[in-house]
């Protein structure tokens, strides 16, 4: 009996072993791969079509994108197989697909010129080399590129690279460094160094994102302002200057320097803001940059005419953070404890959204197509005619007694921008009625951006004023906000801050 039981167990075990061995062999056979010839492919072929052809033969494929001189989407090469060879269909075939010309994420910035130049010249587009001042550690190395590493060539079809050289100036390689480390690195330079906040994307918070004079400027300025990145919580620090009033401190909204730079939409439309300089000014110290100009209004040297064609004051393109005033507190952040600060009570900077307004003509009324500063100018509007104060006392008395004095003033809608930093209370601003309508697609809130008002979207762009009334409806005043802003903010009309080490256009380049 025992023998028969043991025999039965042995037979069962033997059968099980035979069964599993058989099935293992058949399973292997059922999933065994064929060896298939890898087809030839030309560099002008579509990479996606090459991949599809391989998949039809039983291969799995993986596409890897790479910058090259070839058209975007073109096949470049196989990464792990050779054309004409037989390969098991078990193998994942890697295909290199062209992204078009651009600057690779690695191999250019941080490398020496000879190595980097081979890569950028292989892209088949013009390459310009710029020589810029750097700290000793970055001499003879590529310290910057445009486009930035990892990005495709822009609409201009040019690659710019900057090589560091030992010379006097504001070092480009401070870009992206910790603010305190960067300041220490300049301690041996013959100029004073100040640190100021500037709106930036999160990766640059606390790091250097620019300078004034700009990074890459050659020579020895008397002083240099280094800008470090911040978010909306530091908005008041970005634009204000404290003024001691004894028991109180007023924060004057007048520091516009940090907004200097290029801001572009996703479609490539750009606004470049530069400091406003009077015709006879060669340079404006950073602390005195209180007005800006979009370069579509300025002339070739960054200025606008101080006077228009009639010889009158020209203010049409100048952007300010406030509407001015006869007392400094007229342009201070609103504080119920500070007299006159109610002038700014309806500006966004006096709230907590973190957004900032920048606009033209807040304190400029018009008469007879001429600008008239409302804070006193020796000019009046006499029945709609621009009239300068006469030197003759009798003539002045006649004007003063004329019932038409002060009649004919009007405001026109001018340039108006809203700067929205990372961390701004954007939804709160949207829901407050500040804008006309709602976005189809919200702007990218991880990047600082500018919204620019479009006067073509308004039925009324002129406001005729009753005598004695100088409230401008097109800008924020003590009485209320500006007219609702149009267009509605959208990813398509947001001008995003271009965060590059320096302005390439200010540094002459040589063809490489």
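Residue numbers (the numbering used here): -7 to 504.
Backbone N, C-alpha and C define an ideal beta-carbon position, used for all residues, glycine too.
Note that the structure is predicted; figures quoted are calculated from it, not measured.
Taking a contact to mean a Cβ-Cβ separation below 8 Å, would you say residue 350 touches residue 197 in this structure? no
Decide if residue 47 is buried, meaning its Cβ has at least 16 other Cβ atoms within 10 Å, or exposed. exposed
Coarse secondary structure for residue 154, derived from DSSP in three states: strand
Can you tell which of 264, 321, 49 has the C-alpha that lies nearest to the C-alpha of residue 470? 321
What residue from 192, 155, 157, 286 has the CA that sits closest to residue 168's CA? 192
Who are the near neighbours of residue 294 in its chain, counting only those whose CB is closer than 6 Å to its CB and skipping five residues on each side? Confidence at residue 294 is low in this model, with a pLDDT of 49, below 50, so the placement of that residue should be treated as unreliable; the coordinate-derived value is given next. Within the same chain, residue 294 has close Cβ partners 266.
Close Cβ partners of residue 396 (< 7 Å) along its chain, the five nearest in sequence each way excluded: 374, 375
My parser needs the alpha helix (DSSP H) runs of 4 or more residues fully inside the region 352 to 416; what are they? 385 to 393
Measure the CB-CB distance between residue 104 and residue 133 and report whether it falls below 8 Å. yes
Member of 100, 314, 51, 67 whose CA lies at the smallest distance from the CA of residue 82: 51
Do the region 83 to 90 and the region 61 to 75 touch if we need at least three Cβ pairs shorter than 8 Å? yes
What did DSSP end up calling residue 244 once you bin it into helix, strand or coil? strand
For the region 330 to 349 against the region 219 to 234, are there 3 or more C-beta pairs whose distance is under 8 Å? yes
Nearest-angstrom Cα separation, counted from residue 118 out to residue 109: 12 Å
Length of the line joining the Cα atoms of residue 258 and residue 146: 11 Å
Segment contact flag, the region 321 to 339 with the region 234 to 248, C-beta cutoff 8 Å, min 3 pairs: yes
Buried versus exposed call for residue 59 [16 or more other C-beta atoms within 10 Å across all chains shown]: buried
Pick out whichever of 194, 156, 202, 210 has its Cα sitting closest to the Cα of residue 181. 210
Taking residue 432 as the reference, give the member of 381, 484, 474 with the closest Cα. 484
Sequence-distant residues of the same chain with beta carbon closer than 6 Å to residue 338, five excluded per side: 468, 472, 473
Measure the C-alpha to C-alpha separation of residue 486 and residue 256 and round it to an integer number of angstroms. 8 Å
Going by DSSP, what residue range makes up the beta strand (DSSP E) through residue 236? 232 to 236
Residue 239 by DSSP, collapsed to three states: which one? coil
What would DSSP say about residue 67, mapped onto helix, strand or coil? strand
Mapping DSSP to helix, strand and coil, what is residue 253? strand
Looking at C-beta atoms only, is the number of pairs between the region 355 to 373 and the region 391 to 408 that lie closer than 8 Å three or more? yes
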